[in-house]
Amino acid sequence: MKRRSKLVLSTLAGAAVVSVLAARAFAGDSSAEPVETTVEVTRGDLVERALAMGTIEPEVEVAVKSKVSGVVRVILVEQGSFVRAGQPLMEIRPDPTPVELVEARRQVELNGIEAANARRDLERQEALVSRGLAPAQDLENARKRSDEAVLRVRMAQEKLQLLESGSTGGPGGTESVVRAPVDGYVLERLVETGNPVVPLSTYQEGTVLMTMANMDRLIFRGTVDEIDVGKLSEGMPVEIKIGALPDARVRGVVRRISLKAKKAENATTFPVEITLEETSGATLRAGLSANAEIVIRERRGVLTLPERVVTFAGDSTWVNVQTPAGPQRRVVRTGLSDAVQVEVLSGLEEGEKVLEKPTKSIE
């Protein structure tokens, strides 16, 4: 019985030792010698970039409006159609109120009466002047009043015609057919048949019927963070990446950098415009979201090292180099960085091994 108890105790003790060793192997024995890893100093290319986020947009987008009021009678083109300047886009049917029609018709009658009176006064003044009973100046004044009365009659008739048919007729006259102001594509149609239309005038903006643009002249409009704006200048090369077109290679140059910042969601950004110079045959559409990587500086074929192995302490910069005699601290001078790799200006040679920084453990 005692022999069996000793055997059980020995078995349990052996299991406990195995468990401790397994736990140490899993968690890493602190007494074990750490394995030092190194990275090699190599040559490569470094590019410092600033990121701008925005969209692809037409350089000029035109809002099409009507010069007459009414309702949309018929739409002649569809969204996405290409049209030439002067081509009919839609027709506006006048929709005057009964009061407006009555007032316009009565105004024609009143102006006609005034014109008839002015004509009779002109004839009377001509007779008096021919007899020497009135000065010539009275005749000139009478002729002027007659001409003005005739013009008022014509204006009242054209207003009535515009209310009734939507057109004044004649060259240069106002008509209810809305025509394309420029060559381009119809980007968006904002009204439907039967919708009311407010005309464009000097005191009101008017209803936007459609938007048009020349899709051959697209640009990138976006914003860049205030941290990078001081490094930018017009003419810098840009590579644009479009999420919807991952294979498209679009390049451009910085055209304009705003002098005034925009604040949104506690962030300060500056608007930028980038001219597209190369699209590699990609079909671009207005409103595509894109990221523009603006090349600030670049270095080709320089010594590079991962920035994580470099220690920056005050005014000194150093790394630990692996040598036959063991690790050696080496002061280095760095240059351009892309936040992953850093340029080595002095202190290291190509092919040298640099030790990784020790991993900090949390106890």
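Quick note, this note's numbering runs 15 ahead of the 1-based positions in the sequence shown. For glycine and all other residues, C-beta sits at the position ideal for the given N, C-alpha and C.
Taking residue i and residue j to be in contact with their CB atoms under 8 angstroms, please state how far apart those CB atoms are, rounded to whole angstroms.
i    : j    : result
L61  : Q356 : 6 angstroms
Y200 : G95  : 6 angstroms
D231 : A100 : Not really, about 15 angstroms apart at Cβ, beyond 8 angstroms.
V438 : P321 : Summary: the structure shown does not reach residue 438, with the chain confined to residues 16 through 378, and so no result is reported for it.
R108 : S191 : 7 angstroms
For residue i, which three-state DSSP category applies?
i    : result
E55  : strand
P103 : strand
A40  : At A40 the pLDDT is 45, less than 50, meaning the model places this residue with poor confidence; the figure from the coordinates comes in the next sentence. Looking at A40 - three-state DSSP - the assignment turns out to be helix.
A30  : Only weak support is given to the placement of A30: the predicted model assigns it a pLDDT of 46, under 50, and the value that follows is read from those uncertain coordinates. In the structure shown, A30 sits in a helix (DSSP, three-state: H, G or I).
G316 : strand
P186 : Bear in mind that a pLDDT of 47 at P186, under 50, signals an unreliable position, so the model cannot answer this.
D153 : helix
E293 : strand
E76  : strand
D162 : helix
E141 : helix
E371 : coil
A328 : strand
E203 : strand
R194 : strand
D5   : This structure leaves residue 5 out entirely; the chain is present only between 16 and 378.
A301 : coil
P113 : helix
E63  : strand
V123 : helix
V168 : helix
R323 : helix
E308 : strand
A47  : With a pLDDT of only 48 at A47, under the threshold of 50, the placement of this residue in the model should not be trusted, and no figure is reported.
If you check the beta carbons only, do residue i and residue j fall under 9 angstroms apart?
i    : j    : result
L291 : G329 : no
S161 : L137 : yes
R348 : V334 : no
A228 : V98  : no
R264 : E254 : yes
E179 : L116 : yes
L363 : L318 : yes
V212 : S84  : yes
V87  : L224 : yes
V56  : K368 : yes
A308 : A65  : For clarity, residue 308 is Glu in the given sequence; the question names Ala instead. Yes, the Cβ-Cβ distance between E308 and A65 is below 9 angstroms.
S81  : L215 : yes
A130 : V79  : no
L351 : E63  : yes
R58  : E365 : yes
A157 : Q140 : yes
E203 : T226 : yes
I272 : V244 : yes
T338 : T332 : no
I257 : A305 : yes
query = Hey, which unbroken runs of the beta strand (DSSP E) at 3 residues or more fall wholly within the region 207-288?
reply = 223-228, 233-240, 252-257, 260-272 and 277-279
ask   = Where are the alpha helix (DSSP H) runs, 4 residues long or more, that stay fully inside the region 330-367, in chain order?
value = none
task = For the region 167-181 and the region 119-127, state whether three or more C-beta atom pairs, one from each stretch, are separated by less than 8 angstroms.
result = yes
query = Okay, do the region 202-213 and the region 232-247 touch, 3+ Cβ pairs below 8 angstroms being the bar?
reply = no
task = Report yes or no: do the region 65-85 and the region 294-301 share at least 3 C-beta pairs separated by less than 8 angstroms?
result = yes
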